[in-house]
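>
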Amino acid sequence: MKKMMNVIALIGIISMFIAGCSNQEQSVEVQKRIGDENNYEDFKLITNHQQVQKIREIIDNIDWETAKVQMARPADYRFAFQFKNEAKAVLYELWISPNKDKVELIIDAGNKYVQLDRNTSAELFKVLIGEKLSDQK
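Take the sequence shown: its position 107, counted from the start at 1, is 93 in the numbering used here, and no numbers get skipped.
(1) Write down the C-beta distance between P60 and E23 rounded to the nearest angstrom, noting that I regard them as a contact closer than 8 Å.
(2) Got a sec, what are the start and stop residues for the alpha helix (DSSP H) Q39 sits in?
(3) Helix or strand or just coil, what does DSSP make of E15?
(4) Helix, strand or coil for K54, going by three-state DSSP, please let me know.
(5) Comparing alpha-carbon positions, which option in I20, K88, E27, I93 lies nearest L77?
(6) Do the CB positions of F65 and V100 come within less than 7 Å of each other?
(7) Once DSSP output is grouped into helix, strand and coil, what is the label at S8?
(8) If you run the structure through DSSP and keep just helix, strand and coil, what is G(-2)?
(9) Would you check if the stretch 100 to 114 and the stretch 30 to 44 touch, i.e. whether three or more CB-CB distances between them fall below 8 Å?
(10) Indicate the three-state DSSP secondary structure (helix, strand or coil) for E117 in the structure shown.
(11) Would Q56 pass as a contact of K86 if the rule is Cβ separation under 7 Å?
Following this line, the structure appears as structure tokens:
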């Protein structure tokens, strides 16, 4: 009987831990480059759960290339997922292609790179920035 109570208590503790982790408040902080230098200003804080989940879904489904890349200019935008109880965040840097039809992303200080296809680029940009990618100047 005592073993049964211990098992039930353990299952309860694990269930509470899993529920707490999955409901952890999350947001995405977006910064926009100002000028031609590597200077950024806060642009947007995304707290809407559906938008954050959509961004997370896109990022999680990317097939990242492991490559050290050097871009010709600083990123047009930067963003990071922020967790309520977590201090460290992964920084994603985003470049808009010259044709304004695709975006390129780098994470881990240049060790992971991807150029997204047109549809995924447009979808991510719309959720992150709130504008159409093709409308950028």
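We put the beta carbon where it would ideally sit given N, CA and C, even for glycine.
On the basis of the supplied data:
(1) Position 74 of the sequence shown, counting from 1, holds the residue named residue 60. Position 37 of the sequence shown, counting from 1, holds the residue named residue 23. Rounded, the Cβ-Cβ distance is 7 Å, consistent with contact.
(2) Start at 1 with the first residue of the sequence shown, and residue 39 comes out as number 53. Where Q39 is concerned, the enclosing alpha helix (DSSP H) stretches over 35 to 46.
(3) As a first step, residue 15 must be located in the sequence shown, where it is residue number 29. Strand at E15.
(4) Locating residue 54 in the sequence shown gives position 68, counting from the first residue. Note: K54 maps to coil in three-state DSSP.
(5) To locate residue 77, count along the sequence shown from 1; it is residue 91. Checked all of I20, K88, E27, I93; the closest Cα to L77 is I93.
(6) Within the sequence shown, the letter at position 79 stands for residue 65. Within the sequence shown, the letter at position 114 stands for residue 100. In this structure, V100 does not lie closer than 7 Å to F65 by Cβ.
(7) Reading the sequence shown from its first residue, position 22 is the one you call residue 8. Any answer about S8 is weak, because its pLDDT of 47 lies below 50 and its placement is not dependable; what the coordinates show is given next. Correct three-state label for S8: helix.
(8) The residue labelled residue -2 in the question sits at position 12 within the sequence shown. Note that G(-2) has pLDDT 44, beneath the 50 cutoff, so the model's placement of it is unreliable and no number is given.
(9) yes
(10) As a first step, residue 117 must be located in the sequence shown, where it is residue number 131. Note: E117 maps to coil in three-state DSSP.
(11) For the purposes of this step, residue 56 is taken as the residue at position 70 of the sequence shown. For the purposes of this step, residue 86 is taken as the residue at position 100 of the sequence shown. The answer is no: Cβ separation not under 7 Å.
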